[in-house]
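Novice: Quick note on numbering: the working numbering labels position 109 of the sequence shown as 109, and the sequence is numbered without any gaps. Yeah, the Cβ is synthetic: ideal placement off N, Cα and C, and Gly gets one too.
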Amino acid sequence: MLPLLDALGESPAPPSWMAAVSSDLDAQWDALAAHGVGMEELMQKIEDALTEIVPRGWAVFNMQSEVIAQAVGLVKTDRGGEADELLADQWETSTYRTKRVCDRVSSMGAAETTYNAMFLHRARLLRR
């Protein structure tokens with residue numbers, strides 16, 4: 001699939017030989033192009049987080065993506081201190097830590113419906 005997404009970058013329209021294969025290819029091509037753009041944006045966000053935030057000592061994989069995006073923007077505008085404060089605030093507030101614990105508890109026993117129902121209930125109780 002990646003070579004096909006690369007081909008999308010070279011041409012916004014499908015090759016003429018592909019049009020002969022399918023009459024409604026334009027809609028499919030446009031949908032595939034949208035997926036390619038979304039994938040490229042996601043990969044760029046991941047790369048930015050790894051190159052801008054990780055060298056500052058932060059583990060980005062356990063943080064909210066919106067906060068990481070804000071922090072990357074701050075670092076890129078030479079406001080690294082503000083980025084560090086933003087990231088530290090995420091861990092200082094008990095709300096985020098509680099959410100992470102509840103997310104983990106609610107996913108426990110997912111393969112077994114009886115156990116999963118129990119853990120979902122436990123997570124609900126923790127949220128209170």
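Assign Ala83 to buried or exposed, taking buried as 16 or more other Cβ atoms, counted over all protein chains shown, within 10 Å of its Cβ.
Specialist: Here residue 83 is taken as the residue at index 83 of the sequence shown, counted from 1. Result: buried.
Novice: Can you tell me whether Gln28 is helix, strand or coil according to DSSP?
Specialist: Here residue 28 refers to the residue found at position 28 when the sequence shown is read from its first residue. Here Gln28 sits in helix by DSSP.
Novice: Do you know whose CA, among Ala123, Gly57 and Arg128, lies nearest Gly81's CA?
Specialist: If you number the sequence shown from 1, residue 81 lands on position 81. Gly81 has its Cα closest to that of Gly57, out of Ala123, Gly57 and Arg128.
Novice: Whose CA, out of Gln28, Arg127, Thr77 and Asp89, lies closest to the CA of Arg100?
Specialist: Residue mapping note: residue 100 aligns to position 100 of the sequence shown, counting from 1. Looking at the Cα atoms, Arg127 is the closest of the given residues.
Novice: Could you check which residue in Leu125, Gly38 and Ser65 has the C-alpha nearest to that of Leu50?
Specialist: By 1-based counting over the sequence shown, the position of residue 50 is 50. Checked all of Leu125, Gly38 and Ser65; the closest Cα to Leu50 is Ser65.
Novice: Counting only the same chain and skipping the five closest in sequence on each side, list residues whose C-beta sits under 6 Å from that of Arg122.
Specialist: Position 122 of the sequence shown, counting from 1, holds the residue named residue 122. For Arg122, where only same-chain residues beyond five positions count, the Cβ hits under 6 Å are Val105.
Novice: Enumerate, from N- to C-terminal direction, the unbroken beta strand (DSSP E) stretches of 3 or more residues contained entirely within the stretch 55-124.
Specialist: Counting whole runs of 3 or more residues, the stretch 55-124 contains no beta strand (DSSP E) stretch at all.
Novice: Quick check on Arg128: does DSSP put it in helix, strand or coil?
Specialist: Numbered from 1 along the sequence shown, position 128 holds the residue referred to as residue 128. Of the three classes helix, strand and coil, the one that applies to Arg128 here is coil, per DSSP.
Novice: Can you tell me whether Glu40 is buried or exposed? The criterion is at least 16 other CB atoms within 10 Å of its CB, across all chains shown.
Specialist: Taking the first residue of the sequence shown as 1, we reach residue 40 at position 40. Exposed.
Novice: Let me confirm a value: Met1 is counted as buried when at least 16 other C-beta atoms fall within 10 Å, else exposed. Which label applies?
Specialist: On the sequence shown, position 1 is the one that residue 1 refers to. Only weak support is given to the placement of Met1: the predicted model assigns it a pLDDT of 49, under 50, and the value that follows is read from those uncertain coordinates. Under this definition Met1 is an exposed residue.
Novice: Does the beta-carbon of Ala69 have 16 or more other beta-carbons within 10 angstroms, so that it is buried, or is it exposed?
Specialist: Here residue 69 refers to the residue found at position 69 of the sequence shown. Exposed is the call here.
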